[in-house]
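What follows is a set of notes on a single structure, which appears directly below.
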Amino acid sequence: MAGIFYFVLFSFLFGICDAVTGSRVYPANEVTLLDSRSVQGELGWIASPLEGGWEEVSIMDEKNTPIRTYQVCNVMEPSQNNWLRTDWITREGAQRVYIEIKFTLRDCNSLPGVMGTCKETFNLYYYESDNDKERFIRESQFAKIDTIAADESFTQVDIGDRIMKLNTEIRDVGPLSKKGFYLAFQDVGACIALVSVRVFYKKCPLTVRNLAQFPDTITGADTSSLVEVRGSCVNNSEEKDVPKMYCGADGEWLVPIGNCLCNAGHEERNGECQACRIGYYKALSTDATCGKCPPHSYSVWEGATSCTCDRGFFRADNDAASMPCTHCFQ
Numbered sequence: 050m051a052g053i054f055y056f057v058l059f060s061f062l063f064g065i066c067d068a069v070t071g072s073r074v075y076p077a078n079e080v081t082l083l084d085s086r087s088v089q090g091e092l093g094w095i096a097s098p099l100e101g102g103w104e105e106v107s108i109m110d111e112k113n114t115p116i117r118t119y120q121v122c123n124v125m126e127p128s129q130n131n132w133l134r135t136d137w138i139t140r141e142g143a144q145r146v147y148i149e150i151k152f153t154l155r156d157c158n159s160l161p162g163v164m165g166t167c168k169e170t171f172n173l174y175y176y177e178s179d180n181d182k183e184r185f186i187r188e189s190q191f192a193k194i195d196t197i198a199a200d201e202s203f204t205q206v207d208i209g210d211r212i213m214k215l216n217t218e219i220r221d222v223g224p225l226s227k228k229g230f231y232l233a234f235q236d237v238g239a240c241i242a243l244v245s246v247r248v249f250y251k252k253c254p255l256t257v258r259n260l261a262q263f264p265d266t267i268t269g270a271d272t273s274s275l276v277e278v279r280g281s282c283v284n285n286s287e288e289k290d291v292p293k294m295y296c297g298a299d300g301e302w303l304v305p306i307g308n309c310l311c312n313a314g315h316e317e318r319n320g321e322c323q324a325c326r327i328g329y330y331k332a333l334s335t336d337a338t339c340g341k342c343p344p345h346s347y348s349v350w351e352g353a354t355s356c357t358c359d360r361g362f363f364r365a366d367n368d369a370a371s372m373p374c375t376h377c378f379q
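Last residue of the sequence shown: 379 in the numbering used here, with the numbers rising by one and none dropped.
This is how it looks when you write it as structure tokens:
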């Protein structure tokens, strides 16, 4: 416990709160399943052993809002095996999820008398389950995702200079098939603080290309997969060629194929098919804009497909709508 208290104290001095404050605005192609910083109250994750391992600690940010962290620092004792498991996380149909971990880790060389027992890594695991009420950690059920190491570890000098070294690591796992999953963190003798844990999946956001709308689409199971999506023509338009796009694994739309055309009486404006203004018309479903009524003709409503001849002017039945009206001489 003395080791944990030692680390918690210096977590405050480091200003972890300053490093992770600010509005949490994420890219439009990422859907968050878990954000430990958004949880109100205690996280209440399961730790094993119940005492002497991972400990939940609250620190305050600059707005006096508590941030829940988990910390452990049993660097002087050999053969550490401390587990921390999240609550059940629904996958919401995603086949591949991403885990973003923000953490600090103490440089073993800066701690006296810990050679051979102090470690500078921890392990990340997951376990798929349809059961959202698992009460205990069964280590054999978990599959290892990766060993996590810090790009930067802090020393006693950093503490004195109040230098914050916050690491961010992202890992992905898939394909997933069950309704949800648990994450677990295994400490084997490091001095570490988990400042935040975020789990998310990627999607290609709803978009309109070539007058076709493509819905929110979850990316595929593999990091190289492409999901083919058929678009639907926007209002007041029709297919010319079947509109398709591919949703890439990074959540970006790729390779637009096909397109839609605005119906007669409508033209493309700002990605939509809008009715021709009064005094304008469009006779066919094309990619052309509405044209001004020919000489000696007019339209009195929006969305006109042809223009009416002025009084005393006429157009033959076989004349194109673009032909001007002519005066009829008796």
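Cβ atoms here follow ideal geometry from the backbone N, Cα and C, with glycine treated the same way.
This one's a predicted model, so the numbers in the text were calculated from it and none came from an experiment.
Near residue i, what residues of its chain come up, given a Cβ to Cβ distance below 7 Å and the 5 sequence neighbours on each side ignored?
i: T196; result: T170, N172
i: R364; result: C358, M372, C374
i: D381; result: Any question about residue 381 goes unanswered here, given that the chain covers just 50 to 379.
i: G223; result: Q144, R145, V146, A270
i: N285; result: C311, N312, H315, C322
i: I267; result: G142, A143, Y250, K252
i: E201; result: K214, N216
Among residues of its own chain, excluding the 5 on either side of residue i, which ones have a beta-carbon nearer than 6 Å to its beta-carbon?
i: A198; result: T170
i: Y250; result: V80, A143, V146
i: A96; result: G102, W103, L133
i: K341; result: Y329
Which stretch, first to last residue, makes up the beta strand (DSSP E) that contains residue i?
i: N131; result: 131-134
i: N172; result: 170-178
i: T153; result: 146-154
i: A96; result: 95-97
i: E79; result: 79-84
i: T118; result: 115-122
For residue i, count the other beta carbons within 10 Å of its own beta carbon; 16 or more makes it buried, fewer makes it exposed. Which is it?
i: E234; result: In the sequence on display, residue 234 carries Phe and not Glu. F234 comes out buried.
i: R279; result: exposed
i: S189; result: exposed
i: L343; result: One point to set straight first is that residue 343 is Pro, not Leu, in the sequence displayed. The residue is buried, with at least 16 neighbouring Cβ atoms inside 10 Å.
i: F263; result: buried
i: S273; result: exposed
i: T139; result: exposed
i: W4; result: Residue coverage of the chain in this structure runs from 50 to 379, which leaves residue 4 outside it and unanswerable.
i: E301; result: exposed
i: I219; result: exposed
i: L243; result: buried
i: N113; result: exposed
i: A337; result: exposed
Hey, residue i and residue j are a contact pair by Cβ (cut 8 Å); roughly how many whole angstroms apart?
i: G102; j: D236; result: 7 Å
i: I116; j: S128; result: Contact flag wrong, Cβ pair sits at about 31 Å.
i: G238; j: K168; result: 4 Å
i: M353; j: S334; result: The question names Met, but residue 353 is Ala in the sequence shown. A353 to S334, Cβ: 14 Å. No contact.
i: E288; j: C309; result: 6 Å
i: V304; j: Y295; result: 5 Å
i: L215; j: T153; result: 6 Å
i: S245; j: R86; result: 5 Å
i: Y330; j: A370; result: 7 Å
i: E91; j: E105; result: 6 Å
i: T256; j: E149; result: Between E149 and T256 the Cβ distance is about 25 Å, and since that is not below 8 Å, they are no contact.
i: L260; j: E317; result: 6 Å
Could you pull out every residue in the same chain whose Cβ sits closer than 8 Å to the Cβ of residue i, ignoring the five residues on either side in sequence?
i: K182; result: W137
i: D290; result: I306, G307, N308
i: K193; result: N172, L173, Y174
i: A332; result: A313, T354, S355, A369, A370, S371
Please indicate yes or no: does the CB of residue i lie closer than 7 Å to some heavy atom of the ligand COA?
i: C358; result: Of the ligands one can find in the structure shown there are none, so the ligand COA has no counterpart to examine.
Item to complete: Mind listing, in chain order, the continuous beta strand (DSSP E) runs of no fewer than 3 residues lying wholly within the segment 277-340?
Response: Those beta strand (DSSP E) runs which fall completely within the segment 277-340 and span 3+ residues are 286-297, 302-311, 315-318, 321-324.
Practice prompt. With a floor of 3 residues, list each beta strand (DSSP E) that falls wholly inside the segment 199-279, ordered by position along the chain.
Written response: Whole beta strand (DSSP E) segments, 3+ residues: 216-222, 229-236, 240-253, 256-258, 261-263, 275-279.
Worksheet item: In chain order, which beta strand (DSSP E) runs of at least 3 residues are fully inside the segment 337-370?
Response: Counting whole runs of 3 or more residues, the segment 337-370 contains no beta strand (DSSP E) stretch at all.
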